[in-house]
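To start, the structure under review is shown below, and the notes come after it.
In the numbering used here, the protein residues as written are 1 to 398.
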């Protein structure tokens, strides 16, 4: 296949770094009180016999080193995906948002005027929302790298892994294994509350019950002070599992240590995590997490992408890079069907979904996504997959 790259990087004025953290994993969820983009529910027509113009919006230009790393990784992954397409040409045009919503809106409108048929990115939730609003009336859809479902809908889709998707996968498995009722232990911030709501809804949909909930102040002393109460709730509620929203960079290590010390036996009450417990790998050595469950993409599939990226670019892929690859893979798969309406909402939400670097995924009409996840258990400081990620929709795990 012939890949067409246009030297069309848009330079924007320096901008203040966004206060929102990049949505790179579930622990980084940042909710915004943003209005829903009022997309018309359609999308532009394309001529699949010609290169499909795709705008990639990355956070280059913010002045933050982390943004520069992720911007480079997103662009590299998108180009790697283009090189893998067969029979489809992509005209990739890269625009810099500076991690700023106002600039994101400006360059999204610019991309639409330049002829973009779809927008891939931006990374931050507020920027994605702004970009969606800027191009909604032009009928252009936005495949953002955010995992914030609050901005999903209309012409904005989120590609990032969501609390809801992870909670559904783990809750279905836990209830099927007899791990109900559950207790939810959550961070007290916006992300923690969102995680708590996702877990509670997922447990209910799976036929389970929530026996208790508990939280703590976001500080070491706050966790220490709260643990005796949390432990008593776990024991007295009859919970057979404790579902945590905390990340490995937050309260999780302390909770995993102190709850067992307060007579919550992980061998009797299963510990389950809404976030990845294998990042960083040192987390796998925590005694309190041995036997615990968490969800992750198919390790074999994601490892292959990481090896290919390293071979191509000589550095590790950023954790968000796979989202750019997935976006191009979906666009390419749809364009290869030869339909002029391939990039409309109806095309993007085809039930069979797409194959990405982390397994199969599909976009939903409400702008959210479903991703195939495996359930893993920590055994002897190692990740052991105990329920593989499904390879197609409709199979076990969905």
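Where a beta carbon is used, it is the ideal one built from N, C-alpha and C, also for glycine.
Stretch pair the segment 87-103 + the segment 343-361: three plus CB contacts closer than 8 Å: no
Look at the Cβ atom of residue 213, then the Cβ atom of residue 181, and state whether they are nearer than 8 Å. Locating residue 213 in the chain shown gives position 213, counting from the first residue. Locating residue 181 in the chain shown gives position 181, counting from the first residue. The answer is no: Cβ separation not under 8 Å.
Residues in the same chain with beta-carbon distance under 6 Å from residue 112, minus the five sequence neighbours each way, listed in chain order, please. Against the chain shown, residue 112 aligns to sequence position 112. The answer, listed in chain order, is 135, 138 and 140.
Please classify residue 165: does DSSP put it in a helix, a strand, or coil? Sequence index remark: in the chain shown, residue 165 carries index 165 (1-based). Residue 165: helix per DSSP, three-state reduction.
Please determine, among 167, 272, 342 and 280, the residue with the shortest C-alpha to C-alpha distance to residue 249. Translated into positions along the chain shown, residue 249 becomes position 249. Nearest C-alpha to residue 249: 280.
Measure how close the beta-carbons of residue 299 and residue 224 come, nearest whole angstrom, since I'm counting them as under 8 Å. For the purposes of this step, residue 299 is taken as the residue at position 299 of the chain shown. For the purposes of this step, residue 224 is taken as the residue at position 224 of the chain shown. Between residue 224 and residue 299 the Cβ distance is about 34 Å, and since that is not below 8 Å, they are no contact.
Inspect the beta-carbon positions of residue 164 and residue 198 and report whether they are closer than 8 Å. Indexing the chain shown from 1 puts residue 164 at position 164. Indexing the chain shown from 1 puts residue 198 at position 198. Taking 8 Å as the Cβ cut-off, residue 164 and residue 198 qualify as a contacting pair.
What's the gap between the Cα of residue 161 and the Cα of residue 261? Locating residue 161 in the chain shown gives position 161, counting from the first residue. Locating residue 261 in the chain shown gives position 261, counting from the first residue. Spanning the two alpha carbons is a distance of roughly 33 Å.
Give the DSSP bridge partners of residue 377, in chain order. As a position in the chain shown, residue 377 is number 377, starting the count at 1. In DSSP, residue 377 forms a bridge with 293 and 384.
DSSP-derived helix/strand/coil call for residue 67: Taking the chain shown and counting its residues from 1, the one referred to as residue 67 is at position 67. Here residue 67 sits in helix by DSSP.
Where does residue 62 land, buried or exposed, given buried means 16+ other C-beta within 10 angstroms? In the chain shown, counting from the first residue as 1, residue 62 sits at position 62. Flag for residue 62 reads buried.
How should residue 238 be labelled, buried or exposed, when 16 other C-beta atoms within 10 angstroms of its C-beta is the threshold for buried? As a position in the chain shown, residue 238 is number 238, starting the count at 1. Flag for residue 238 reads exposed.
Could you give the first and the last residue of the continuous alpha helix (DSSP H) run that contains residue 133? In the chain shown, the residue the question calls residue 133 occupies position 133. Counting along the chain, the alpha helix (DSSP H) containing residue 133 begins and ends at 125-135.
With a CB to CB cut of under 6 Å and the five nearest residues on each side skipped, what residues in its chain are close to residue 168? Counting from one through the chain shown, the residue named residue 168 turns up at place 168. Result list for residue 168: 202, in chain order.
Assess, as a yes-or-no matter, whether the segment 320-338 is touched by the segment 114-127 under the definition of 3 or more beta carbon pairs within less than 8 Å. In short, these stretches touch, since the Cβ pair count reaches three.
Contact the segment 277-291 vs the segment 373-389: 3+ CB pairs below 8 Å: yes
Which term fits residue 387, buried or exposed, when burial requires 16 or more other beta carbons within 10 angstroms of its beta carbon? Here residue 387 is taken as the residue at index 387 of the chain shown, counted from 1. Buried, since its Cβ has 16 or more Cβ neighbours within 10 Å.
Distance check for residue 278 and residue 266, CA to CA, integer angstroms please. Taking the chain shown and counting its residues from 1, one reaches residue 266 at position 266. Taking the chain shown and counting its residues from 1, one reaches residue 278 at position 278. When rounded, the distance between both Cα atoms is 18 Å.
Secondary structure at residue 211, three-state DSSP: helix, strand or coil? To locate residue 211, count along the chain shown from 1; it is residue 211. The DSSP-derived three-state label of residue 211 is strand.
In whole angstroms, give me the CA-to-CA distance for residue 415 and residue 104. The structure shown does not extend to residue 415, since the chain is modelled only from 1 to 398, so the question has no answer here.
Can you say whether residue 215 is buried or exposed, counting buried as having 16 or more other CB atoms within 10 angstroms of its CB? Here residue 215 corresponds to residue number 215 of the chain shown, with the count starting at 1. Under this definition residue 215 is a buried residue.
Contact under 8 Å by Cβ, residue 148 with residue 125: Translated into positions along the chain shown, residue 148 becomes position 148. Translated into positions along the chain shown, residue 125 becomes position 125. Yes, they are a contact pair.
Mind reading off the beta-carbon distance from residue 53 to residue 93? Whole number of angstroms is fine, and I expect it under 8 Å. For the purposes of this step, residue 53 is identified with residue 53 of the chain shown, where counting begins at 1. For the purposes of this step, residue 93 is identified with residue 93 of the chain shown, where counting begins at 1. Sure, about 7 Å apart at Cβ, within 8 Å.
Helix, strand or coil: how does DSSP classify residue 282 here? For the purposes of this step, residue 282 is identified with residue 282 of the chain shown, where counting begins at 1. Helix at residue 282.
Taking C-beta to C-beta, are residue 108 and residue 131 nearer than 8 Å? By 1-based counting over the chain shown, the position of residue 108 is 108. By 1-based counting over the chain shown, the position of residue 131 is 131. Remark: C-beta atoms of residue 108 and residue 131 approach each other more closely than 8 Å.
Where does residue 106 sit, in a helix, a strand or coil, going by DSSP? Stepping through the chain shown from its first residue, residue 106 is reached at position 106. Helix at residue 106.
Buried or exposed: where does residue 454 fall if 16 or more other Cβ atoms within 10 Å of its Cβ makes it buried? Past the edges of the chain, shown from 1 to 398, lies residue 454, and the structure says nothing about it.
Judging by CA-CA distance, which residue of 247, 183 and 205 is the nearest neighbour of residue 229? Position 229 of the chain shown, counted from the start, is the residue given in the question as residue 229. If we check each option's Cα against that of residue 229, 183 comes out closest.
Distance between residue 57 and residue 157 (C-alpha atoms, nearest Å): Along the chain shown, read from residue 1 onward, the residue named residue 157 stands at position 157. Along the chain shown, read from residue 1 onward, the residue named residue 57 stands at position 57. The alpha-carbon atoms of residue 157 and residue 57 are separated by roughly 14 Å.
8 Å Cβ cutoff met for residue 186 and residue 179: In the chain shown, the residue the question calls residue 186 occupies position 186. In the chain shown, the residue the question calls residue 179 occupies position 179. Contact: no.
Nearest to residue 171 (by Cα), restricted to the options 234, 49, 220 and 243: For this step, residue 171 is matched to residue 171 along the chain shown. Comparing Cα positions, the closest option is 243.
Buried or exposed: where does residue 67 fall if 16 or more other Cβ atoms within 10 Å of its Cβ makes it buried? For the purposes of this step, residue 67 is taken as residue 67 along the chain shown, with counting starting at 1. Buried.
CB-CB under 6 Å to residue 48, same chain, minus the five flanking residues each way: which ones, in chain order? Taking the first residue of the chain shown as 1, we reach residue 48 at position 48. If we look at residue 48 and ignore the five residues flanking it on each side, its Cβ neighbours are 335 and 338.
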